[in-house]
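As given, the protein sequences belong to chains A and B, one line each in that order.
Counting in my numbering, the first sequence runs from 37 upward without gaps.
Counting in my numbering, the second sequence runs from 37 upward without gaps.
Every residue gets a Cβ at the ideal spot worked out from N, C-alpha and C, and that includes glycine.
Notes follow once the structure below has been shown.
There are 2 protein chains.
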Amino acid sequence: METQWLDQTEREAWLRLTAVVELLPGVLDTQLRSASDMTHFEYLVLAMLSEAPDRTLRMTGLAQRTNATLPRLSHVVRRLEDRRLVERFPCPEDGRATNARLTDAGWDAVVAAAPGHVDTVRQHVLDPLTREQLGQLKEIGDALLSRLDPDGRMTVLYDPERAG
Amino acid sequence: METQWLDQTEREAWLRLTAVVELLPGVLDTQLRSASDMTHFEYLVLAMLSEAPDRTLRMTGLAQRTNATLPRLSHVVRRLEDRRLVERFPCPEDGRATNARLTDAGWDAVVAAAPGHVDTVRQHVLDPLTREQLGQLKEIGDALLSRLDPDGRMTVLYDPERAG
DNA sequence: CGCTGTTAGTTGTAGTGACAACCAAATGGT
DNA sequence: ACCATTTGGTTGTCACTACAACTAACAGCG
Chain A
37 METQWLDQTE REAWLRLTAV VELLPGVLDT QLRSASDMTH FEYLVLAMLS EAPDRTLRMT
97 GLAQRTNATL PRLSHVVRRL EDRRLVERFP CPEDGRATNA RLTDAGWDAV VAAAPGHVDT
157 VRQHVLDPLT REQLGQLKEI GDALLSRLDP DGRMTVLYDP ERAG
Chain B
37 METQWLDQTE REAWLRLTAV VELLPGVLDT QLRSASDMTH FEYLVLAMLS EAPDRTLRMT
97 GLAQRTNATL PRLSHVVRRL EDRRLVERFP CPEDGRATNA RLTDAGWDAV VAAAPGHVDT
157 VRQHVLDPLT REQLGQLKEI GDALLSRLDP DGRMTVLYDP ERAG
């Protein structure tokens with residue numbers, strides 16, 4: 037079967053998506069690293085913990101919420117533990133599982149980093165889009181994620197608890 | 037000044053964008069690496085060269101077309117050169133500049149990799165979107181890139197030569 | 001010319017992520 | 001009860017990227 041090449045519309049959309057995917061992480065990382073001495077991914081980890089009940093989450097759950105693989109998360113959490121921002125302890129209910137909990141220092145770190153990060157997100161992503169485009173972006177994102185992560189294993193998009 | 041936190045619409049859009057940005061590179065890398073023994077970024081480099089006149093581009097131009105920094109590109113091109121997919125030679129017109137040219141083996145490699153790559157892009161990105169959403173994605177991408185890369189230094193979006 | 005500044009690119013090194021191998025606890029069938 | 005499988009997580013190694021420092025060549029100006 038012949039490969040179906042991209043027509044102009046497809047090419048235009050694809051070109052821009054790749055550019056965004058290539059450039060956005062760098063912008064986020066640079067800001068957080070210089071302002072708060074942490075990676076965007078580290079920020080995500082801390083932020084997810086900060087919103088969890090008892091500031092505690094199992095590694096697997098944390099991995100889902102941060103779109104990460106378990107090995108990657110394990111390394112990062114160990115480093116965060118070295119910096120006393122997070123602590124790990126075995127899960128009482130399941131001997132295999134490990135819980136990660138945000139320390140007070142970790143809480144302070146997220147609280148300190150959040151405003152600058154949110155500003156960056158506004159400046160580079162939210163502000164340039166119209167209200168209508170935000171809605172479109174959500175729909176497009178859902179469509180893509182249905183293929184990128186069919187089982188929704190990584191992306192916990194709806195959180196009925198919070199979606200008040 | 038108080039930080040303006042994200043409302044629900046903003047949060048929904050942002051959450052999905054981060055997930056896509058986090059997951060898409062992995063999908064592309066995995067497919068290309070297993071099928072063609074190359075990174076998505078390496079593929080981009082080879083593909084851009086393959087479309088250039090004389091299959092040759094200056095490092096700076098190549099960096100722009102691949103949304104990369106010069107140091108990063110330099111390392112990657114050296115590795116590609118080790119694999120005989122690319123060759124470098126000093127630019128005759130400008131003693132400072134270096135030209136990168138795709139070798140015949142490099143050409144064969146892109147040609148071999150392209151169909152599988154395009155299929156992956158179709159499956160994971162293009163197919164799940166409607167024609168209308170493709171247009172929206174282009175507009176959204178342009179809006180974001182106007183902030184992520186204001187000078188358009190990295191993103192060479194329009195290529196009048198090819199945009200029949 | 002010579003000096004200064006800018007542009008083009010390379011290289012060293014330190015930090016991170018991917019992948020595979022591994023271990024331990026739980027589950028399930030017989 | 002017992003063994004096989006699955007689940008949850010960690011660790012080691014290797015490859016890649018970012019950042020900074022550096023070199024070489026051009027350009028402008030006195």
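### Message
Check whether chain B comes within 9 Å of A/Asp160, counting only Cβ atoms and requiring the distance to be less than that.
### Response
It is worth fixing the name first, because residue 160 of chain A is His in this sequence and not Asp. It does; some Cβ of chain B falls within 9 Å.
### Task
Report yes or no: do the stretch 62-72 of chain A and the stretch 86-101 of chain A share at least 3 C-beta pairs separated by less than 8 Å?
Contact between the stretch 62-72 of chain A and the stretch 86-101 of chain A is absent, because fewer than three Cβ pairs lie under 8 Å.
### Query
To which residues of the same chain is B/Leu180 closer than 6 Å at the C-beta, ignoring the five residues directly before and after it?
Excluding sequence neighbours, B/Leu180 sits near nothing in its chain.
### Nearest-angstrom Cβ-Cβ length linking B/Arg120 and B/Val113, presumed shorter than 8 Å
Actually they are not in contact, since the Cβ atoms of B/Arg120 and B/Val113 sit about 12 Å apart, beyond 8 Å.
### Task
Report yes or no: is there a C-beta of chain A within less than 9 Å of the C-beta of B/Arg69?
Closer than 9 Å: no.
### Query
Can you list the residues of chain B that A/Gly171 reaches, using a CB-CB cut of under 8 Å?
Per Cβ cutoff of 8 Å: Thr45, Ala49.
### Query
Beta carbon of B/Thr75, beta carbon of B/Asp65: below 9 Å?
It is a contact, given that the beta carbons lie within the stated cut-off.
### Cβ-based neighbour list, B/Gly152, same chain, cut-off 6 Å, excluding 5 preceding and 5 following
When the five nearest sequence neighbours on each side are left out, the beta carbons in the same chain lying within less than 6 Å of the beta carbon of B/Gly152 are those of Ala71, in order along the chain.
### Query
Which residue's Cα is closest to the Cα of B/Asp140: B/Leu116, B/Leu162, B/Val157?
Selected option, being the one with the closest Cα: B/Leu116.
### Query
So which residues of chain A does B/Pro151 contact, with C-beta pairs closer than 7 Å?
What B/Pro151 touches in chain A: Thr39.
### Task
Sort A/Arg132, A/Val56, A/Val147 by Cα distance to A/Leu138 and report the nearest one.
Among A/Arg132, A/Val56, A/Val147, the Cα nearest to that of A/Leu138 belongs to A/Val147.
### Presumed contact (8 Å Cβ cut-off) between A/Ala49 and B/Leu170, rounded CB distance
So it is a contact: roughly 4 Å between Cβ atoms.
### Residues that DSSP places opposite B/Leu93 in a beta bridge
For B/Leu93, which the question treats as bridged, DSSP gives the partners B/Ala136.
### Query
What does a CB cutoff of less than 6 Å around A/Ala99 pick up in its chain, not counting 5 residues either side in sequence?
Here the set comprises Leu106, Leu109.
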